[in-house]
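I have placed the structure first, in the form of structure tokens, so that the comments after it can refer back to it.
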């Protein structure tokens, strides 16, 4: 079945297995502070989610997605959290909703995140998902069910398309200061 | 249009007559800063963007406080990045070991963060300065890098939540109990994306240190900022310290709040947040069978002079229980000196507590006081997530300094009255 019907014409399609976590996954669970004496993405990836699931760093594959309940990413402002997830291969996080600073950091780092309670509720561990970022259409291929995520604010899409916040700032301010 | 305190500060910074919740604004920042964990990523982003100067070397602080005094070579390298960057770009406010403090205690003490300001910090507890009536919020490293270059940041205008506290507080009940009670009532996502505004007769009588403790933990309810309208208590704190002009804002009486909570806190007993979320709040009296291995008194939440006085009043003439390690960490160099002059440090040392130079170390399991598997700690810090203070099978209970001190003396979670 062609699950993500609207995803074409150069839009970004992600396909991978999902790993399911609960409510209030905090930034200490995503990357414990004891490893923050470095900001090297590959070092951080080795310990991603380890206090929630010690085997996670060894089983996650590029393209996989993380599914979680409410308030994902609560706690610290550490940008190491989206960096660790991205470097571990996590292509997208789908949660019921996100904590504020994590939401901001994920976009600034270029880690796609979507809010979709239904998709989270019905999924089973290691189901295969396809996601079209631009349309927000999410498909659980294993269950043959599609969902629509809450639309990403257009300001955020602009940020993601610029390649994250620094690329956006570079484009806007540094060109102004040269001219 | 009537506006809340949060909306007024944002409107004033954007020269708008009104702003509305949900709007995205580009806002100039009055001050921004990072620490030894978050600033290295910001510095790398700053350099990657080929930026040649910072927007204002007076309005940026770098404060290595998390893994300092450096616990290992990797942390030393991170701090060196900050030190080199501060020198290269002429940052006025760089604070190294021996001259520093835990950032959220140090910056208000130095008069660098002020009422009416818009402030971002690459640390989630930046919301502490809401106690002064500043719109202050935690962001990531990349946001800090962008602000260091441009002097601006973007915000979505938050909806506001009003919290009204009525009544008279019992002895031994203070700001920490009020904020833990509040988080227990509304949950760790109860104020997600919102501006919390703490009001009412109890707040009007509350000292600045207690106010900062409350605003500090607004993030533990998911809030963007935790605000208290500035008043005479604020002026008394700020006036002798301020390094810049400042401005008092207040909510209009008919401003719109998305949610209003009103509580009479006259019967509130000291409370403790049990593992592994700050919302798992119970009265201290229900936890008297929980034996403990460690106590930590300090951090950006409760490492100020008033907190140390509170702890000392419990410790005076008593000893830390033989099976407990007790760490006491004044939050800044100045607080340490004052505590020394007042004889508080003497009391702690006599009680067989360990007293340290300022550091955030134990709060986040960074260094000093790391817990082993199965160990339990009472801490005056702000988070008790899994693995927060060490081994993922250790447990952290959050409390006020008085409860932490009483627990240290009795070797179990205890009400301060129990040691009198």
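Protein chains in written order, with our numbering: chain A, 2 to 180; chain B, 25 to 444. Ideal placement from N, C-alpha and C gives every residue a C-beta, glycine not left out.
| Query | Result |
| --- | --- |
| Which of helix, strand or coil DSSP assigns to residue 167 of chain A | helix |
| CB contact flag (residue 130 of chain B, residue 63 of chain B, <7 Å) | no |
| Reference residue 126 of chain B; option with closest CA among B:397, B:381, B:31, B:440 | B:381 |
| Validate contact between the region 113-123 of chain B and the region 54-66 of chain A using beta carbons, cut 8 Å, 3 pairs | no |
| Separation of residue 151 of chain A from residue 138 of chain A, as counted between CA atoms | 9 Å |
| Nearest-angstrom Cβ-Cβ length linking residue 376 of chain B and residue 317 of chain B, presumed shorter than 8 Å | Incorrect: roughly 15 Å between the Cβ atoms, too far for contact. |
| Segment contact flag, the region 195-209 of chain B with the region 286-301 of chain B, C-beta cutoff 8 Å, min 3 pairs | yes |
| CB contact below 7 Å: residue 59 of chain A versus chain B | no |
| Test: residue 400 of chain B CB closer than 7 Å to a CB of chain A | no |
| Where residue 171 of chain A meets chain B, residues with beta-carbon distance less than 8 Å | 73, 74 |
| Range covered by the beta strand (DSSP E) that runs through residue 285 of chain B | 283-288 |
| Collapsed DSSP secondary structure at residue 325 of chain B in the structure displayed | helix |
| Length at least 4, wholly inside the region 37-108 of chain A: the alpha helix (DSSP H) runs in chain order | 42-46, 57-60, 81-89 |
| Proximal residues, the region 140-171 of chain B versus chain A, C-beta separation under 7 Å | 146, 147, 148, 162, 163, 164, 165, 166, 167, 169, 170 |
| Status (buried if at least 16 other CB within 10 Å, exposed otherwise) for residue 361 of chain B | exposed |
| Residue-chain proximity (residue 390 of chain B, chain A), Cβ-Cβ < 7 Å | yes |
| Chain-ordered residues of the region 371-397 of chain B with a beta carbon less than 7 Å from chain A | 388, 389, 390 |
| Counterpart residues of residue 254 of chain B in DSSP-defined beta bridges | None, per the DSSP bridge assignment. |
| Under 7 Å between C-beta atoms of residue 222 of chain B and residue 238 of chain B | yes |
| Residue-level contact to chain B via CB, residue 39 of chain A, 7 Å cutoff | yes |
| Coarse secondary structure for residue 182 of chain B, derived from DSSP in three states | coil |
| Which of helix, strand or coil DSSP assigns to residue 5 of chain B | Residue 5 of chain B is absent from the structure shown; chain B starts at 25 and stops at 444. |
| Close Cβ partners of residue 144 of chain A (< 6 Å) along its chain, the five nearest in sequence each way excluded | none |
| Classification of residue 2 of chain A by the beta-carbon crowding that lies within 10 angstroms, buried from 16 upward | A caution first: residue 2 of chain A carries a pLDDT of 47, below 50, which makes its placement in the model unreliable, though a value can still be read off. Flag for residue 2 of chain A reads exposed. |
| Selection of the region 74-102 of chain B by Cβ proximity to chain A, strictly under 8 Å | 74, 75, 90, 91, 95, 96, 98, 99, 102 |
| Contact set between residue 213 of chain B and chain A, taken where Cβ atoms lie within less than 9 Å | 24, 25, 71, 72, 75, 98, 100 |
| Min CB distance residue 180 of chain A to chain B below 7 Å | A caution first: residue 180 of chain A carries a pLDDT of 46, below 50, which makes its placement in the model too unreliable to give a value. |
| Buried/exposed call for residue 102 of chain B, threshold 16 Cβ in 10 Å | buried |
| Length of the line joining the Cα atoms of residue 30 of chain B and residue 163 of chain B | 17 Å |
| Limits of the unbroken beta strand (DSSP E) element including residue 138 of chain A | 138-141 |
| Interface flag, residue 248 of chain B vs chain A, CB-CB below 7 Å | yes |
| Check whether residue 429 of chain B and residue 372 of chain B have beta carbons under 7 Å apart | no |
| Minimum Cβ-Cβ distance from residue 428 of chain B to chain A less than 7 Å | no |
| Chain B contact for residue 166 of chain A (CB, 7 Å cutoff) | yes |
| Residues near residue 69 of chain B by beta carbon distance below 6 Å, same chain, minus five either side | 166, 169 |
| Inter-stretch contact (C-beta, 8 Å, three-pair minimum) for the region 257-269 of chain B and the region 177-187 of chain B | no |
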